[in-house]
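Report on one structure; see the data block that follows.
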Amino acid sequence: MILRFVLGRALGLLVVLWVLVTIVFMLGAVIPSEPARAYAGAGASPAVIAQKREELGLEKPLLTRYVDYLERLGQGDLSESVHTHQPVADDLREAFPATLELLLASIGITMLIGLAVGVVTARPRRGTGLLRGALLAGASVPVFTLGLLALFLFYYKLGWFPAGGQTAPGTIHVVGPTGFLSLDALLTGHFGVFVNVLWHLVLPATALALTPALLTARTLRSSLRHSLRQDYARTARAKGLTERQVLWRHALRNSLNAPLTISGLELGAMLAGIAVVETIFAWPGIGLYIDRAIAANDVPAICGVTLVVGVVFVVANAIVDALQLVVDPRLRQHA
Amino acid sequence: MESAALGQEPVSLGARRFRVLAAIGPMERVGIALVFLITLVALLVPLIAPHGPYETIGPAYQPPGHYGLLGTDEVGRDLFSRLLYGMRASWFSALAVVAAGALIGFAVGLLAGVRGGWVDTALMRITDAGLALPGPIIAIAVAVALGPSLVHTLIAVTVVWWPWYARIVRAEARAIVVRPHFDAARLAGAGGLRLAVRHVMPGALPAVVIAASVDLGYLILTLAGLSFLGLGAPPPAPELGAMAYQGLNALFSFPWIPLAPAVAVFVLAAAANMAGDGLRDLLEDV
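Note that the protein sequences, when read in sequence, are chains A and B.
Per numbering that gives the first Met the number 0, residue 0 is the first one in the first sequence, and the count goes up by one each step.
Per numbering that gives the first Met the number 0, residue 0 is the first one in the second sequence, and the count goes up by one each step.
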């Protein structure tokens, strides 16, 4: 039963990944009116483009090219970037840790704020209308507006946080085993650098987290309100539990499903927001790479990013699915 | 629902639904009023704007009040006029994507829902695969592959947006085709297209309107984000996201240049979200 379910999900995952790979292949090979020009860069001479055509095998039939593409992919070859003149796979490997640090920090902040605001506002009290307005307004702020305001206020006006980058200029360059600057600083005993990295993380991570956090809070709030009206909540109250106990021990766990479901979707929006936030805060990750690639019309780099980010997104959503089964045993029966 | 027999509940928008207009909150009413106001202003921008969006009216970086309401930008163009044109572009772009997405969604969803069988399975597999991928990132990739232009960006976002609508329409259609009125129309000899458009589509419309109104604000934000990244009409076109990006260097010296368009996007999205919430309450709670 469980095995069949897991196999079914795994098969679905494979199909989605195959669709992703095929879409990315089409984007690189079919959509641009002259793929060779896209790969050689906008300013390339006709001779270079002709050579690139040869190199990319554009004279071959589409199916052959597709098989070639899959083969190269199997070897970890994501082609070469137009604007860095390096293999895209190397570029991404370099940029990935910084982005993952930012993303994990943002997810942490999202869950913290989402849970806190959702729980605090679940019980009816005065000012609910105002609160709804605030949550709605929060869901309407573009990521770049948050980033610009944060930069203007907390860096320029108040000077509380640094303007951008991962560390202050002049900080010693820490190289460690993991590639994650914060972890490496900690592992190699550079405690000052570790604090510095965290300090630089605050503004970009919060700017990225605020909108998804408020969405999470909104969803959690409405499911909590539903749960608190259920019979089991009334039974718990009748047993003499305090309202706090009813909420934390009984209602909360039954209310985590909806916020979890949308957290998978929020991740998609966050992944796009990363490009904006990293651009504003000069965070040396995949987002900044996307921004530069767009400016250079770098199709191979964008295709590589799409593939890698797409895989991360699809796998993360599969994990969220599995988490839902852990949180809510009722779903296991349907499975 | 009163004493309607099973399967004979009215599917269309009943007149009494509009009585709930009185029941929706002040915030939603403000939102709906704002949506109409914004659409009107957006239509009339060429008449209202004091200057053209590309016209240089004075020295660069003039503070608000000196040259025009909001001063001038880094080239000496009227910031307020460019803001108005940018809002117009944002608003109509989001509406265009919603319309195109809903149209494709209707085509796919109706085909799947009315035909059923392998057509349904195949179309819904594609739809599900589309939903399982990170939309904004795919949109960026499609826009880059097509090359920079506003139309290409709108196409790119529509490509990742329609599966939502297809899912909604298909679910509604599956529920409608088992109702007696559908059988009656089929037995009366209505063809496939007529069945889909005349007898199924009206029933699926409310759900799509709800989804579209809730989507509008999110789309405005998504499109502004893409514009900020340079995916939209190429400069010097007046686009809010691109204006905020170009003003980034002036943030500490002339903060209103990047912040004014950034706030304008917020106003548009907030109005759309308020109206969307109101419309959803209106159509869902009855």
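We treat Cβ as the ideally placed atom computed from N, Cα and C, and that holds for glycine.
* Asked: CB-CB under 7 angstroms to A:ASP67, same chain, minus the five flanking residues each way: which ones, in chain order?
  -> To locate residue 67 of chain A, count along the first sequence from 1; it is residue 68. Closer than 7 angstroms at Cβ, skipping near neighbours: GLY56.
* Contact set between B:ILE154 and chain A, taken where Cβ atoms lie within less than 9 angstroms -> Reading the second sequence from its first residue, position 155 is the one you call residue 154 of chain B. Near B:ILE154 there are no residues of chain A at all, since even the closest Cβ is about 10 angstroms away, more than 9 angstroms.
* Asked: B:PHE91 lies in the alpha helix (DSSP H); which residues open and close that run?
  -> Position 92 of the second sequence holds residue 91 of chain B. Counting along the chain, the alpha helix (DSSP H) containing B:PHE91 begins and ends at 78 to 114.
* Start and end residues, alpha helix (DSSP H) containing B:ALA41 -> Your numbering for residue 41 of chain B matches position 42 in the second sequence. First-last of the alpha helix (DSSP H) with B:ALA41: 25 to 47.
* To do: Could you tell me the distance, in whole angstroms, from the CA atom of A:PRO176 to the CA atom of A:LEU186?
  => Position 177 of the first sequence, counting from 1, holds the residue named residue 176 of chain A. Position 187 of the first sequence, counting from 1, holds the residue named residue 186 of chain A. Straight-line Cα distance between these residues: approximately 8 angstroms.
* Asked: Any Cβ of chain B within less than 7 angstroms of the Cβ of A:TYR288?
  -> Within the first sequence, residue 288 of chain A is the residue found at index 289, counting from 1. For A:TYR288, the closest Cβ of chain B is not nearer than 7 angstroms.
* Asked: For the candidate residues A:ALA294, A:TYR288 and A:LEU6, whose alpha-carbon lies nearest to that of A:VAL308?
  -> Counted from its first residue, the first sequence places residue 308 of chain A at position 309. That would be A:TYR288, whose Cα lies nearest to the Cα of A:VAL308.
* Asked: Quick one: what's got a C-beta closer than 6 angstroms to B:ASP119's C-beta in the same chain, skipping five residues either side?
  -> As a working mapping, residue 119 of chain B is identified with position 120 in the second sequence. ALA111, listed in sequence order.
* To do: Please determine, among A:LYS59, A:LEU72, A:LEU99 and A:PRO96, the residue with the shortest C-alpha to C-alpha distance to A:PRO86.
  => Here the question's residue 86 of chain A lines up with position 87 in the first sequence. The shortest C-alpha separation from A:PRO86 is found at A:LEU72.
* The alpha helix (DSSP H) with B:TRP163 in it runs from where to where? -> Walking along the second sequence from the start, residue 163 of chain B turns up at place 164. Element bounds for B:TRP163: 149 to 175.
* Asked: How about A:GLY309: is its C-beta nearer than 7 angstroms to some C-beta of chain B?
  -> Within the first sequence, numbered from 1, the residue matching residue 309 of chain A stands at position 310. Yes, because at least one Cβ of chain B sits closer than 7 angstroms to the Cβ of A:GLY309.
* To do: With 7 angstroms as the threshold, decide whether the Cβ of B:PRO62 is near any Cβ in chain A.
  => Indexing the second sequence from 1 puts residue 62 of chain B at position 63. No, no contact with chain A.
* Asked: By DSSP, does A:GLU53 sit in helix, in strand, or in coil?
  -> Residue 53 of chain A sits at position 54 when you count from the first residue of the first sequence. Three-state result, A:GLU53: helix.
* To do: Could you tell me whether the Cβ atoms of B:GLY75 and B:PRO62 are closer together than 7 angstroms?
  => Your numbering for residue 75 of chain B matches position 76 in the second sequence. Your numbering for residue 62 of chain B matches position 63 in the second sequence. No, they are not a contact pair.
* Asked: Excluding sequence positions up to five away, which residues of its chain have a Cβ less than 6 angstroms from the Cβ of A:LEU19?
  -> Counted from its first residue, the first sequence places residue 19 of chain A at position 20. Taken in chain order, the residues that qualify are GLY309.
* To do: Could you work out which residue in B:HIS198, B:LEU228, B:PRO58 and B:ALA172 is closest to B:ALA140 when comparing CA atoms only?
  => As a position in the second sequence, residue 140 of chain B is number 141, starting the count at 1. Here the closest residue by C-alpha is B:LEU228.
* To do: Pick out whichever of B:GLU238, B:VAL213 and B:SER212 has its Cα sitting closest to the Cα of B:LEU222.
  => Start at 1 with the first residue of the second sequence, and residue 222 of chain B comes out as number 223. The shortest C-alpha separation from B:LEU222 is found at B:GLU238.
* **Of the listed residues B:GLY277, B:ARG279 and B:ALA268, nearest to B:THR38 (C-alpha basis)** => Position 39 of the second sequence, counting from 1, holds the residue named residue 38 of chain B. When each option's Cα is compared against that of B:THR38, the closest is B:ALA268.
* Starting from the beta carbon of B:ASP119, find every residue of chain A whose beta carbon is closer than 7 angstroms, and list them in chain order. => Here residue 119 of chain B refers to the residue found at position 120 when the second sequence is read from its first residue. Simply none; closest approach about 17 angstroms.
* Taking the alpha carbon of A:ILE112 as the point to measure from, which residue in A:PRO211, A:ASN296, A:GLY146 and A:THR21 has its own alpha carbon closest? -> Taking the first residue of the first sequence as 1, we reach residue 112 of chain A at position 113. A:ILE112 has its Cα closest to that of A:PRO211, out of A:PRO211, A:ASN296, A:GLY146 and A:THR21.
* Kindly indicate which residue of A:SER80, A:THR83 and A:ALA28 has the alpha-carbon position closest to the one of A:THR63. => Reading the first sequence from its first residue, position 64 is the one you call residue 63 of chain A. The shortest Cα separation from A:THR63 among A:SER80, A:THR83 and A:ALA28 belongs to A:ALA28.
* Taking 7 angstroms as the CB-CB cut-off, is B:PHE79 touching chain A? -> For the purposes of this step, residue 79 of chain B is taken as the residue at position 80 of the second sequence. No, B:PHE79 lies away from the interface with chain A (no Cβ there is under 7 angstroms from its Cβ).
* Between the segment 132 to 146 of chain B and the segment 288 to 300 of chain A, do at least 3 Cβ pairs fall closer than 8 angstroms? -> Yes, they touch.
* To do: Determine the contact status of A:ALA204 and A:ALA115, defining contact as a CB-CB distance below 7 angstroms.
  => The residue given as residue 204 of chain A occupies position 205 in the first sequence. The residue given as residue 115 of chain A occupies position 116 in the first sequence. Cβ atoms of A:ALA204 and A:ALA115: not closer than 7 angstroms.
* **Cβ neighbour criterion (16 or more within 10 Å) applied to A:ARG329** => Residue numbering aside, residue 329 of chain A sits at position 330 when the first sequence is read from its first letter. Label assigned to A:ARG329: exposed.
* What residues in the segment 211 to 231 of chain B have a beta carbon less than 9 angstroms from any beta carbon of chain A? -> GLY216, TYR217, ILE219, LEU220, THR221, ALA223, GLY224, LEU225, PHE227, LEU228, GLY229 and LEU230
* What is the rounded straight-line gap between the Cα of A:LEU361 and the Cα of A:HIS172? -> Because chain A is modelled from 0 through 334, residue 361 of chain A falls outside the range shown and cannot be assessed.
* Beta bridge counterpart(s) of B:THR55 as assigned by DSSP -> Here residue 55 of chain B refers to the residue found at position 56 when the second sequence is read from its first residue. Its beta-bridge partners are B:ARG76.
* Looking at the C-beta of A:GLY350, does it have a partner C-beta in chain B at a distance below 7 angstroms? -> With chain A covering only 0 through 334, there is no way to say anything about residue 350 of chain A.
* Reduced DSSP secondary structure (H/G/I, E/B, other) of A:THR83 -> Here residue 83 of chain A corresponds to residue number 84 of the first sequence, with the count starting at 1. Looking at A:THR83 - three-state DSSP - the assignment turns out to be coil, as it is neither helix nor strand.
* So, helix, strand or coil for B:THR71, using DSSP? -> The residue you call residue 71 of chain B lines up with position 72 of the second sequence. Correct three-state label for B:THR71: strand.
* **With 16 other Cβ atoms within 10 Å as the buried cut-off, status of A:ASN316** => Taking the first residue of the first sequence as 1, we reach residue 316 of chain A at position 317. The residue in question, A:ASN316, is buried, as its Cβ has 16 or more Cβ neighbours within 10 Å.
* Pull up the distance between the alpha-carbon of A:ALA97 and that of B:TRP161, whole angstroms please. => As a first step, residue 97 of chain A is located in the first sequence; it is residue number 98 there, counting from the start. As a first step, residue 161 of chain B is located in the second sequence; it is residue number 162 there, counting from the start. One C-alpha to the other measures close to 33 angstroms.
* Asked: What are the boundary residues of the alpha helix (DSSP H) that includes B:ARG185?
  -> Start at 1 with the first residue of the second sequence, and residue 185 of chain B comes out as number 186. Its alpha helix (DSSP H) spans residues 179 to 186.
* Since A:PHE312 meets chain B, which of its residues come closer than 8 angstroms, beta carbon to beta carbon? -> As a first step, residue 312 of chain A is located in the first sequence; it is residue number 313 there, counting from the start. Correct list: LEU132, PRO133 and ILE136.
* To do: Answer yes or no: does any C-beta atom of chain B fall closer than 7 angstroms to that of A:ALA294?
  => Here residue 294 of chain A refers to the residue found at position 295 when the first sequence is read from its first residue. So yes, A:ALA294 belongs to the interface.
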